[in-house]
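**Student:**
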Amino acid sequence: MSERRAWRLALAGSALLSVLLRLRFVFTPITSDEGGYLAVARAWRHGKSLYTQVWVDRPQGTLLLYRLWDVLSFGDEDHLRVISLVLGAAAVVGLAVMIADLSGRRVAGAIAGILGALLSSAPAIEGYSANGELLGGTFSVLCLAVAVRVLVGRADARWMFAAGALGAIGFSMKQAGIDGLGALGLWLLIVWIAGVRSRRETFAQLWRTAVGAVGVLLLLLLHALTLNLSDWWYAMFGYRLDSRSALKGANFDRLWRTWSDARPLFLPMMVAAAVCAVVIVVRRRSVRFAAEKMLLPLWLVCALATFLSGGQFFHHYWVTLAFPVAALCALVIGAAPWELKWVSVMVAAVSILLSWGVLAFESRSDFRVSISNETRPLKAERVGHWLRGHLQPGETMYAMCAAAHTYAHAHADPPYPYLWFDGVRQARHSQQLLIELFQQHPPTWVAGFDAADLCNSTGELQAVLTASYREVARVDGVPIYRLQP
């Protein structure tokens, strides 16, 4: 078998591994984020104003992708994790190519593909989900993979335009997806200032990257100008700075809880890489410096910064770190002696596959409970299907006050902008709009996932619910209220 054919098989195998590890979880209930993104995208497609009539603190890229899925799938919400299969596979191929180019060793690239597939798809960190961390992380990987090919002389310099654009698309998927573009820009700036490489050549690469990125960011801004720029800016940055970031409202208790699930995935790989690094240094006595390789530590630093800046530390936050950690570990392990190389890969793989196996055999109803003690995804699915069968033309429904996935399953547009609990409680004008909804345009149906006083502490929502609604059913323990004439 030729070396080129073996390399192509290695890339295909990494992509297939990524798909197979996620495939088991395509059929589990969608998460609140996934269902909420789809509900927002559908409402946007139906004519509601984004960030005003329907709201989410995510850039337009994720919503555009979900909107495209809704059109291509003819409204199928149950299998939207096909998105994660496709983008997850693209990410591991990009990771493998990047490390092969950086190291000059295709075996290191193959290791990167394997480690990236295993770590990024781990169910313990919700790697199966089509969440912003995976979507943004994929484009960060592709950004750096394209840039590295240019930096090592394997692609024309004009490809830096594409690298910048891909990095900015990562931001359009989630603000944290800026890590790849940030690392590339920082590396180019440092190299230009230090004069490690030709300043003229480095400056040309820097401005091409900037032009590619600015082109995409301008498209986001131009679209925001067709909406309400103030509302867009608040959704992108203001909401986080006001109430949900590392600076305000951070949940560090959750950080340590989710780390306990992420630790068995990350630590064995990192320890194996550290052992390999020691052996490499001892055997070689010196390590050849290559400026391009410094991209990986910078990428990890940028990813850590975006990881910490979110402040909420849900399980899926760890996906942000999966690709840079896998890349850095693969670069080191790929340079180790042959026996140590594959022992290290096996150590990392076994620990992750054990975690995967524990969750892969959980029943559909127990799966989310095992990860985060959460029963709401399955409840939202059943309630949404029930409401979908009972909603008549012209009727509206409200999932009180935080079960965004219910709208996706019910195929109903939200009558109120805020779909997640923190938004209902803390976002700008959220309480005022909630009271106005029930006093002026009360929804026909209300699914009581949360008590009214938990959603609105003034008692106004409970007063309207008591006076104007009657409980007509219970679906999986969730009371369903109907507006009375």
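The sequence shown runs 31 to 515 under our numbering.
Glycine is no exception: its CB is placed at the ideal position from the N, C-alpha and C atoms.
#1: I'd like to know whether the C-beta atoms of G210 and L181 end up nearer to each other than 8 Å.
#2: Which one of V331, D63, S228 and R293 has the shortest CA to CA distance from N161?
#3: What residue from A457, P327 and Y428 has the CA that sits closest to H471's CA?
#4: Checking the sheet assignment: what are the DSSP bridge partners for L513?
#5: What does a CB cutoff of less than 8 Å around L93 pick up in its chain, not counting 5 residues either side in sequence?
#6: Along the beta strand (DSSP E) that carries A366, what are the first and last residues, could you check?
#7: To the nearest angstrom, report how far apart V123 and L259 are at their CA atoms.
#8: Give the C-beta separation of M284 and F343 to the nearest angstrom, bearing in mind that I take them to be a contact with Cβ-Cβ under 8 Å.
#9: Work out the CA separation of I199 and G166 for me, nearest whole Å.
#10: Among the residues of its own chain, which have a CB less than 6 Å from the CB of C431, if the five just before and after it don't count?
#11: Which two residues bound the contiguous beta strand (DSSP E) that contains G531?
#12: Tell me the DSSP secondary structure of Y96 in three-state form.
#13: For A321, which option in K278, T405 and R227 has the closest C-alpha, if you only look at C-alpha atoms?
#14: Excluding the 5 residues flanking H109 on each side, which residues of the same chain have their C-beta closer than 8 Å to its C-beta?
#15: Please give the ranges of any alpha helix (DSSP H) in the segment 40 to 78, keeping only runs that are unbroken, at least 4 residues long and fully inside the region.
#16: Around the C-beta of P515, are 16 or more other C-beta atoms found within 10 angstroms, so that it is buried, or is it exposed?
#17: Look at A152 and L295 and say whether their C-beta atoms are less than 8 Å apart.
#18: Taking the C-alpha atoms as reference points, what is the distance between E33 and A138?
#19: What ranges does the alpha helix (DSSP H) occupy inside the segment 389 to 449, keeping only unbroken runs of at least 4 residues that lie completely in it?
#20: To which residues does DSSP link L80 through a beta bridge?
#21: Give the straight-line distance between the Cα atoms of S159 and D186, rounded to the nearest whole angstrom.
#22: Please confirm if the segment 35 to 44 is in contact with the segment 143 to 151, defined as three or more CB-CB distances below 8 Å between the two stretches.
#23: Assign V508 to one of three DSSP states: helix, strand, or coil.
**Tutor:** Answer, in terms of the structure:
#1: Stepping through the sequence shown from its first residue, residue 210 is reached at position 180. Stepping through the sequence shown from its first residue, residue 181 is reached at position 151. It is not a contact, given that the beta carbons lie outside the stated cut-off.
#2: In the sequence shown, counting from the first residue as 1, residue 161 sits at position 131. Closest option to N161, Cα to Cα, is D63.
#3: Along the sequence shown, one-based indexing puts residue 471 at 441. If we check each option's Cα against that of H471, Y428 comes out closest.
#4: One-based indexing of the sequence shown puts residue 513 at position 483. According to DSSP, which records beta bridges pairwise, L513 is partnered with Y499.
#5: Taking the sequence shown and counting its residues from 1, one reaches residue 93 at position 63. For L93, where only same-chain residues beyond five positions count, the Cβ hits under 8 Å are Y67, V70, A71, W74, L80 and V86.
#6: Here the question's residue 366 lines up with position 336 in the sequence shown. From DSSP, A366 is part of no beta strand (DSSP E); its letter is neither H nor E.
#7: Translated into the one-based positions of the sequence shown, residue 123 becomes position 93. Translated into the one-based positions of the sequence shown, residue 259 becomes position 229. Answer to the nearest angstrom: the Cα atoms are 37 Å apart.
#8: Indexing the sequence shown from 1 puts residue 284 at position 254. Indexing the sequence shown from 1 puts residue 343 at position 313. Checking the displayed sequence, the identity of residue 284 turns out to be Arg instead of Met. Right, the Cβ-Cβ distance comes to about 5 Å (below 8 Å), so this counts as a contact.
#9: Position 136 of the sequence shown, counting from 1, holds the residue named residue 166. Position 169 of the sequence shown, counting from 1, holds the residue named residue 199. When rounded, the distance between both Cα atoms is 7 Å.
#10: Here residue 431 refers to the residue found at position 401 of the sequence shown. Cβ neighbours of C431 beyond the five flanking positions: V454, D480 and C485.
#11: Missing from the structure shown is residue 531; the chain here goes from 31 to 515 and no further.
#12: Counting from 1 along the sequence shown, the entry for residue 96 is found at position 66. Here Y96 sits in helix by DSSP.
#13: Here residue 321 corresponds to residue number 291 of the sequence shown, with the count starting at 1. Here the closest residue by C-alpha is R227.
#14: Stepping through the sequence shown from its first residue, residue 109 is reached at position 79. Taken in chain order, the residues that qualify are V56, F57 and S103.
#15: 62 to 75
#16: Residue mapping note: residue 515 aligns to position 485 of the sequence shown, counting from 1. When all chains shown are included, P515 counts as exposed.
#17: Numbered from 1 along the sequence shown, position 122 holds the residue referred to as residue 152. Numbered from 1 along the sequence shown, position 265 holds the residue referred to as residue 295. Contact flag set, yes.
#18: The residue given as residue 33 occupies position 3 in the sequence shown. The residue given as residue 138 occupies position 108 in the sequence shown. Taking the straight line from one Cα to the other gives about 14 Å.
#19: 397 to 402, 406 to 420 and 435 to 440
#20: On the sequence shown, position 50 is the one that residue 80 refers to. BP columns for L80 point to V84.
#21: As a working note, residue 159 is residue 129 in the sequence shown. As a working note, residue 186 is residue 156 in the sequence shown. Taking the straight line from one Cα to the other gives about 35 Å.
#22: yes
#23: Numbered from 1 along the sequence shown, position 478 holds the residue referred to as residue 508. The answer is strand: DSSP assigns V508 an E or B state.
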